[in-house]
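J.: Quick one: the structure is below, and I'll ask about it shortly.
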Ligand code: ATR
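Structure representation (structure tokens):
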């Protein structure tokens with residue numbers, strides 16, 4: 005029996021057990037994926053004892069992603085870019101971590117808008133938090149030439165842009181109407197539009213007809229940004245796909261099978277999200 009888990013605090017709302025449970029059943033693997041409540045400050049100790057506790061690895065969620073990064077012996081470049089780890093396994097006594105949100109974002113776009121990277125010279129990214137850092141790293145890794153970061157707090161966009169001033173430009177939120185006509189790809193990385201959060205109040209009027217629109221928010225499944233974009237005929241990539249794709253590398257490492265993101269898995273998660 006191979007075991008993996010997700011650690012966080014609180015942990016009851018986390019949906020990854022639904023994804024891994026679906027795949028374990030689909031591939032007939034004798035394994036388990038559980039939620040493990042780990043209090044703030046306790047993540048490093050838990051991670052160091054993963055093997056003793058019988059876990060092949062784990063996912064890490066709020067508030068432990070930065071502490072997990074610090075506790076690793078080895079991390080992937082995406083994790084370095086974000087300063088946070090969400091997927092952990094052990095090899096020969098060493099703890100190895102990656103940030104699969106970055107790969108999840110890219111693979112979801114590959115899935116929903118094949119060839120998007122060949123036509124994206126300029127991306128406009130809304131937000132400048134941890135999610136934006138990861139997405140900027142991912143976009144650069146796919147050759148996107150220029151990335152403009154628009155954020156309510158300009159200084160946070162400036163801080164990220166300072167890491168690569170040739171390719172990343174900070175922008176004020178108020179500059180968005182002037183930026184949209186030049187965007188090949190628009191990505192929302194803020195929490196705006198998530199249920200319980202304020203709406204993302206953005207007119208897509210200036211956006212080019214062939215621009216791609218992506219949202220990392222997945223509750224609701226179709227945010228008003230995506231709904232607007234679809235009604236205007238834009239190609240879109242929704243947040244649930246990113247959540248599903250980010251689960252792939254962990255499952256592969258722990259359970260030894262590369263799982264597929266299928267319409268059935270999508271429907272399984274969508275039903276859960278819509279049921280709440
Ligand atoms: P994460 O690590 O998940 O990206 P975060 O670091 O809290 O989360 O970042 C949240 C992003 O949403 C930030 O860009 C934040 O803008 P600020 O840097 O100005 O805080 C953005 N955000 C959250 N609430 C917002 C609001 N009401 N209006 C505009 N932007 C908002």
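Numbering (the numbering used here), first residue to last: 5 to 280. Even for Gly, the Cβ is constructed at its ideal location relative to N, Cα and C.
Need the endpoints of the beta strand (DSSP E) that residue 280 sits in, please.
T.: Looking up residue 280 in the chain shown gives position 276. From DSSP, residue 280 is part of no beta strand (DSSP E); its letter is neither H nor E.
J.: Just reading off the beta strand (DSSP E) that residue 265 is part of, what are its end residues?
T.: In the chain shown, counting from the first residue as 1, residue 265 sits at position 261. Neither: residue 265 is in no beta strand (DSSP E) and is coded neither H nor E.
J.: The beta strand (DSSP E) with residue 33 in it runs from where to where?
T.: Indexing the chain shown from 1 puts residue 33 at position 29. Run containing residue 33: none; DSSP gives neither H nor E here.
J.: For residue 93, which beta-bridge partners are listed by DSSP?
T.: Looking up residue 93 in the chain shown gives position 89. BP columns for residue 93 point to 61 and 100.
J.: Identify whether residue 174 lies in helix, strand or coil by the three-state DSSP scheme.
T.: For this step, residue 174 is matched to residue 170 along the chain shown. Three-state DSSP puts residue 174 in a strand.
J.: Given 7 Å as the limit, tell me if residue 160 has its C-beta closer than that to any heavy atom belonging to ligand 1.
T.: Taking the first residue of the chain shown as position 1, residue 160 is located at position 156. Under cutoff, so the answer is yes.
J.: Using only alpha-carbon positions, find the residue among 158, 150, 163 and 186 that is nearest to residue 170.
T.: Taking the chain shown and counting its residues from 1, one reaches residue 170 at position 166. For the residues 158, 150, 163 and 186, the minimum Cα distance to residue 170 belongs to 150.
J.: Leaving out five residues before and five after residue 141 in sequence, what residues of the same chain have Cβ atoms less than 8 Å from its Cβ?
T.: Taking the chain shown and counting its residues from 1, one reaches residue 141 at position 137. Within the same chain, 81, 82, 85, 86 and 106 come within 8 Å of residue 141 by CB-CB distance, once the 5 residues on both sides are set aside.
J.: At a cut-off of 7 Å, is residue 243 close to ligand 1 when judged by its beta-carbon and the heavy atoms of the ligand?
T.: Locating residue 243 in the chain shown gives position 239, where the first residue counts as 1. Of the heavy atoms belonging to ligand 1, none sits nearer than 7 Å to the Cβ of residue 243.
J.: CA-CA distance, residue 272 and residue 225?
T.: Here residue 272 refers to the residue found at position 268 when the chain shown is read from its first residue. Here residue 225 refers to the residue found at position 221 when the chain shown is read from its first residue. Whole-angstrom Cα-Cα distance: 13 Å.
J.: To the nearest angstrom, how far is the alpha carbon of residue 54 from that of residue 114?
T.: Counting from one through the chain shown, the residue named residue 54 turns up at place 50. Counting from one through the chain shown, the residue named residue 114 turns up at place 110. Between residue 54 and residue 114, the C-alpha separation is close to 33 Å.
J.: Compare the C-alpha of residue 260 against each of 93, 88 and 48 and name the closest.
T.: For the purposes of this step, residue 260 is taken as the residue at position 256 of the chain shown. The shortest C-alpha separation from residue 260 is found at 93.
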